[in-house]
Amino acid sequence: CLSSCMKTESADLVVFNAEINTMNENGDVAQAMAIRDGIVIEFGPDRQILNKYSYSNSIDARGKQIYPGFIDAHGHMISYAALLLGVDLVGSPSEIEMLERVSSYKNEHNKAVIIGMGWDQSLWKDDAFPDNCKLNEMFPKTPVCLYRIDGHSALLNNSFIGLLGDFEVPNGGAVLQDEFGNYTGLFVDAALQLFEGVLPKYTNDEMKPKLLEIQEELLAHGVTGVHEAGVNADELSLLDEMVSSNALKLNIYAMLAPSEENKNFVRKNGVYRNKSLLVRSFKAYVDGALGSSGALLKEPYHDHPNYNGLSLSSVSELNRLRDFCLSNGYQLNCHGIGDAAVSQILEMCKKAYDKNPDHRFRLEHAQVVDPKDLKLFNTYAVFPSVQPTHATTDQRWVASKLGAERMKGAYAYKSLLNQFGMIALGTDFPIEYTNPYYTIHSAVHRKNAKGFPKKGFLAEESLSIKETLKGMTIWGAFASFQEKELGSLEQGKHATFFILDRPLNKSSTFSPNYSWKTFVKGEIVHSLD
Numbered sequence: 132c133l134s135s136c137m138k139t140e141s142a143d144l145v146v147f148n149a150e151i152n153t154m155n156e157n158g159d160v161a162q163a164m165a166i167r168d169g170i171v172i173e174f175g176p177d178r179q180i181l182n183k184y185s186y187s188n189s190i191d192a193r194g195k196q197i198y199p200g201f202i203d204a205h206g207h208m209i210s211y212a213a214l215l216l217g218v219d220l221v222g223s224p225s226e227i228e229m230l231e232r233v234s235s236y237k238n239e240h241n242k243a244v245i246i247g248m249g250w251d252q253s254l255w256k257d258d259a260f261p262d263n264c265k266l267n268e269m270f271p272k273t274p275v276c277l278y279r280i281d282g283h284s285a286l287l288n289n290s291f292i293g294l295l296g297d298f299e300v301p302n303g304g305a306v307l308q309d310e311f312g313n314y315t316g317l318f319v320d321a322a323l324q325l326f327e328g329v330l331p332k333y334t335n336d337e338m339k340p341k342l343l344e345i346q347e348e349l350l351a352h353g354v355t356g357v358h359e360a361g362v363n364a365d366e367l368s369l370l371d372e373m374v375s376s377n378a379l380k381l382n383i384y385a386m387l388a389p390s391e392e393n394k395n396f397v398r399k400n401g402v403y404r405n406k407s408l409l410v411r412s413f414k415a416y417v418d419g420a421l422g423s424s425g426a427l428l429k430e431p432y433h434d435h436p437n438y439n440g441l442s443l444s445s446v447s448e449l450n451r452l453r454d455f456c457l458s459n460g461y462q463l464n465c466h467g468i469g470d471a472a473v474s475q476i477l478e479m480c481k482k483a484y485d486k487n488p489d490h491r492f493r494l495e496h497a498q499v500v501d502p503k504d505l506k507l508f509n510t511y512a513v514f515p516s517v518q519p520t521h522a523t524t525d526q527r528w529v530a531s532k533l534g535a536e537r538m539k540g541a542y543a544y545k546s547l548l549n550q551f552g553m554i555a556l557g558t559d560f561p562i563e564y565t566n567p568y569y570t571i572h573s574a575v576h577r578k579n580a581k582g583f584p585k586k587g588f589l590a591e592e593s594l595s596i597k598e599t600l601k602g603m604t605i606w607g608a609f610a611s612f613q614e615k616e617l618g619s620l621e622q623g624k625h626a627t628f629f630i631l632d633r634p635l636n637k638s639s640t641f642s643p644n645y646s647w648k649t650f651v652k653g654e655i656v657h658s659l660d
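Under our numbering, think of the first position of the sequence shown as 132, with each following residue one higher.
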């Protein structure tokens, strides 16, 4: 009774016996914290917090480490849900295995049209791009569309191609043909638009359970925020509905596809906030993917002389979108992988900087940067947003596409950080796994989970553990205009955090880890107990 009377303030939750890594500017570490109405109200030693506050709930953290919830600065929840509903081809070690997965799916699901995603020919013994000969043999009457892992190319059988009728290949796209002029079935980048109207769409009732599965997967890793990189109007409506019903508890920062329908949404709503959903950016594609040979390079591909890749946005289109974003207080996040695309984006950002130095326009991926252009990230305040696991995945084949002379500016995360002062880190799931501990390992050690390559890939571009964690917390929050709410644990900010099951691994040997408990605004949303 005496102890209760001595407590001068109340809290909803007290967390104690912890190592709370606040990720604030000073890098403070605390032992306990008090939370009220989803907001952190005080940090201190165990005795101070436990004696000062009466509380409804408490968590003995058992000495475990606590971090602000990780932010995945570039992911695709909608695409991941679609992958889970179709044929999962991720990790197929051969074309035969890929086709067997399609066959098994056809036997289990009575679908009129089959959609799959995730094949990667670089994993196969013969790493050449496949044609559709075997696909046609196995599925002569059922239309089949199989997306590559990067989502920038797809393999179609003749039955599916027949659904398209007569067509013209749009600018920025390619439809491959053999020496006799027959379609090989491979459609690249803008050519994918040719069959968007033919693809069957999954219903919201099909998508919702998969999105909830993805949410649980993320929360189990301590990921509490996702920057959803490109949604159309229907997809935004689905996310909005699930947030309104409290089904989705993740902090979602949605980047809009630059459709007229989405622009009308912005004209009507301006910056849009609904609970944990924030809409304040557009996503533009300036080139394709390096793995599909669609990234736009200043000089020809090392393995394809006289071919520089594909341009998906003209200078005038990009400038118009920039001006629309500036006029409406929106951010423009541009997909740029090849050095020519990166250069085009940087030049576009000059006017953005002239009008508003704090525009926070982002360059997504920045996989190949001309070293001469690096300084422009600082000059025009262009925020680099990268995915470290791409470096350790692509290192198997990237030199064959770029040649040794262009490796200097490839996956140059440390150089980008040194120029801009911040860097946002993500995974680009489902192209890579959602697991943030792969991100940490790749960024710090420049190795994959199997420890390859032994000395690290372009190891001079590695980030420190502190820089990596900032890129997954406070810098990710800053990259989405949410640094006053998220990204660090400080008084007055959201109590969004997770308790690691085991101490954060700093060794060069990878080991898995999980969240013991995850909280969003003081509410427990995941627990191993």
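Every residue, glycine too, gets a C-beta built ideally from N, C-alpha and C. Remember, it's a predicted structure, so these values are computed and weren't measured experimentally.
Inset, instruction - Report yes if the C-beta distance between Val-417 and Leu-387 is below 8 Å; otherwise report no. - result: Here residue 417 refers to the residue found at position 286 of the sequence shown. Here residue 387 refers to the residue found at position 256 of the sequence shown. Not a contact, by the Cβ cut-off of 8 Å.
Inset, instruction - Assign Arg-453 to buried or exposed, taking buried as 16 or more other Cβ atoms, counted over all protein chains shown, within 10 Å of its Cβ. - result: Locating residue 453 in the sequence shown gives position 322, counting from the first residue. The residue is buried, with at least 16 neighbouring Cβ atoms inside 10 Å.
Inset, instruction - Could you say if the stretch 536 to 549 and the stretch 587 to 597 meet the contact criterion of at least three C-beta pairs nearer than 8 Å? - result: yes
Inset, instruction - Check Glu-392 in the structure and name its three-state DSSP category. - result: Within the sequence shown, the letter at position 261 stands for residue 392. Three-state result, Glu-392: helix.
Inset, instruction - Ignoring anything shorter than 3 residues or poking outside the stretch 406 to 477, list the beta strand (DSSP E) runs there in chain order. - result: 408 to 416 and 462 to 467
Inset, instruction - Rounded to whole angstroms, what's the CA-CA distance from Cys-132 to Phe-650? Just pull it up for me. - result: The sequence position of residue 132 within the sequence shown is 1, counting from 1. The sequence position of residue 650 within the sequence shown is 519, counting from 1. Because the pLDDT of Cys-132 is 40, which lies under 50, any placement of that residue in the model is unreliable, and the number read from its coordinates should be weighed accordingly. When rounded, the distance between both Cα atoms is 31 Å.
Legend entry - Cβ pair Ile-468, Leu-421 closer than 8 Å: The residue you call residue 468 lines up with position 337 of the sequence shown. The residue you call residue 421 lines up with position 290 of the sequence shown. It is a contact, given that the beta carbons lie within the stated cut-off.
Inset, instruction - Tell me whether Phe-583 is buried or exposed, calling it buried when 16 or more other Cβ atoms sit within 10 Å of its Cβ. - result: In the sequence shown, counting from the first residue as 1, residue 583 sits at position 452. Phe-583 comes out exposed.
Legend entry - Heavy atom of the ligand MG within 7 Å of Lys-486 beta-carbon: The ligand MG is not part of the structure shown, which contains no ligands of any sort.
Inset, instruction - Give the DSSP bridge partners of Ser-376, in chain order. - result: Translated into the one-based positions of the sequence shown, residue 376 becomes position 245. Answer is none; Ser-376 lacks a bridge partner.
Inset, instruction - Please classify His-240: is it buried, with 16 or more other beta-carbons within 10 angstroms of its beta-carbon, or exposed? - result: Here residue 240 refers to the residue found at position 109 when the sequence shown is read from its first residue. Per the 10 Å Cβ criterion, exposed.
Inset, instruction - Evaluate the contact criterion for the stretch 370 to 377 versus the stretch 640 to 648: three or more CB pairs, one atom per stretch, below 8 Å. - result: no
Legend entry - Buried/exposed call for Pro-502, threshold 16 Cβ in 10 Å: As a first step, residue 502 is located in the sequence shown; it is residue number 371 there, counting from the start. The residue is exposed, with fewer than 16 neighbouring Cβ atoms inside 10 Å.
Inset, instruction - May I have the straight-line CA-CA distance separating Val-306 from Gly-316, to the nearest angstrom? - result: Your numbering for residue 306 matches position 175 in the sequence shown. Your numbering for residue 316 matches position 185 in the sequence shown. Rounded to whole angstroms, Val-306 to Gly-316 spans 8 Å at the Cα level.
Inset, instruction - Provide the residue span of the beta strand (DSSP E) that contains Phe-641, from first to last. - result: Residue 641 sits at position 510 when you count from the first residue of the sequence shown. Premise fails: Phe-641 is in no beta strand (DSSP E) and is neither H nor E.
Legend entry - Cα-Cα separation, Ser-134 to Asp-660: To locate residue 134, count along the sequence shown from 1; it is residue 3. To locate residue 660, count along the sequence shown from 1; it is residue 529. Residue confidence for Ser-134 is low, a pLDDT of 46 falling below 50, so the modelled location carries little weight and cannot support an answer.
Inset, instruction - State yes or no: is the C-beta of Phe-508 within less than 8 Å of the C-beta of Phe-492? - result: Looking up residue 508 in the sequence shown gives position 377. Looking up residue 492 in the sequence shown gives position 361. Contact: no.
Inset, instruction - Give a yes or no on whether the C-beta atoms belonging to Asn-450 and Met-479 are separated by under 8 Å. - result: Position 319 of the sequence shown, counted from the first residue, corresponds to residue 450. Position 348 of the sequence shown, counted from the first residue, corresponds to residue 479. Their beta carbons are under 8 Å apart, which means Asn-450 touches Met-479 by this criterion.
Inset, instruction - Identify which residue in Arg-193, Asp-504 and Asp-281 has its Cα closest to the Cα of Gln-550. - result: As a first step, residue 550 must be located in the sequence shown, where it is residue number 419. Answer by Cα proximity: Asp-504.
Inset, instruction - Under 6 Å Cβ to Cβ from Asn-579, same chain only, skipping five residues before and after it: list those, please. - result: Within the sequence shown, numbered from 1, the residue matching residue 579 stands at position 448. Thr-523.
Inset, instruction - Just confirm the distance between the C-beta atoms of Leu-230 and Asn-263, as a whole number of angstroms; I'd bet it's less than 8 Å. - result: Counting from one through the sequence shown, the residue named residue 230 turns up at place 99. Counting from one through the sequence shown, the residue named residue 263 turns up at place 132. Contact doesn't hold; Cβ gap of about 11 Å is too wide.
Inset, instruction - Determine the closest residue to Phe-298 out of Pro-274, Ser-458, Gly-328 and Tyr-278, with distance taken between C-alpha atoms. - result: What you label residue 298 is simply residue 167 of the sequence shown in a count that begins at 1. With distances taken between Cα atoms, Phe-298 lies closest to Gly-328.
Legend entry - Buried or exposed (CB count within 10 angstroms, at least 16 for buried), Arg-279: The sequence position of residue 279 within the sequence shown is 148, counting from 1. Label assigned to Arg-279: buried.
Legend entry - Asp-143: first and last residue of the uninterrupted beta strand (DSSP E) it sits in: Taking the first residue of the sequence shown as position 1, residue 143 is located at position 12. Taken as a continuous stretch (DSSP letters only), the beta strand (DSSP E) holding Asp-143 covers 140 to 147.
Legend entry - Uninterrupted beta strand (DSSP E) stretches inside the stretch 244 to 332 (no shorter than 3 residues): 245 to 250, 275 to 279, 284 to 287, 304 to 308 and 314 to 320
Inset, instruction - Could you tell me whether the Cβ of Thr-524 comes closer than 8 Å to any Cβ of chain D? - result: Checking the listed chains, one finds no chain D in this structure; it contains a single protein chain.
Legend entry - Three or more C-beta pairs below 8 Å linking the stretch 214 to 232 and the stretch 265 to 281: yes
Legend entry - When His-521, Lys-486 and Ala-530 are compared against Ala-512, the one with the closest alpha-carbon: Along the sequence shown, read from residue 1 onward, the residue named residue 512 stands at position 381. When each option's Cα is compared against that of Ala-512, the closest is Lys-486.
Legend entry - Of the residues Lys-195, Gly-460, Glu-598 and Ser-253, the one placed nearest Glu-156, counting alpha carbons only: Taking the first residue of the sequence shown as position 1, residue 156 is located at position 25. When only C-alpha atoms are compared, the closest one is Glu-598.
Inset, instruction - List the DSSP bridge partners of Tyr-186. - result: Counting from 1 along the sequence shown, the entry for residue 186 is found at position 55. Tyr-186 pairs with Ala-142.
Legend entry - Rounded separation between Phe-396 and Leu-367 - CA only: Residue numbering aside, residue 396 sits at position 265 when the sequence shown is read from its first letter. Residue numbering aside, residue 367 sits at position 236 when the sequence shown is read from its first letter. Going from the Cα of Phe-396 to the Cα of Leu-367 covers about 10 Å.
Legend entry - Paired residues, beta bridge with Gly-206 - DSSP: As a working note, residue 206 is residue 75 in the sequence shown. Answer is Glu-359, bridged to Gly-206.
Inset, instruction - Can you grab the Cα-Cα spacing for the pair Lys-242 / Ala-364, in whole Å? - result: On the sequence shown, position 111 is the one that residue 242 refers to. On the sequence shown, position 233 is the one that residue 364 refers to. Spanning the two alpha carbons is a distance of roughly 26 Å.
Legend entry - Assigned secondary structure, Pro-502 (DSSP; H/G/I helix, E/B strand, else coil): Taking the sequence shown and counting its residues from 1, the one referred to as residue 502 is at position 371. Pro-502: helix per DSSP, three-state reduction.
Legend entry - Reference Ser-445; option with closest CA among Ala-321, Ala-541 and Ser-290: Within the sequence shown, numbered from 1, the residue matching residue 445 stands at position 314. If we check each option's Cα against that of Ser-445, Ala-321 comes out closest.
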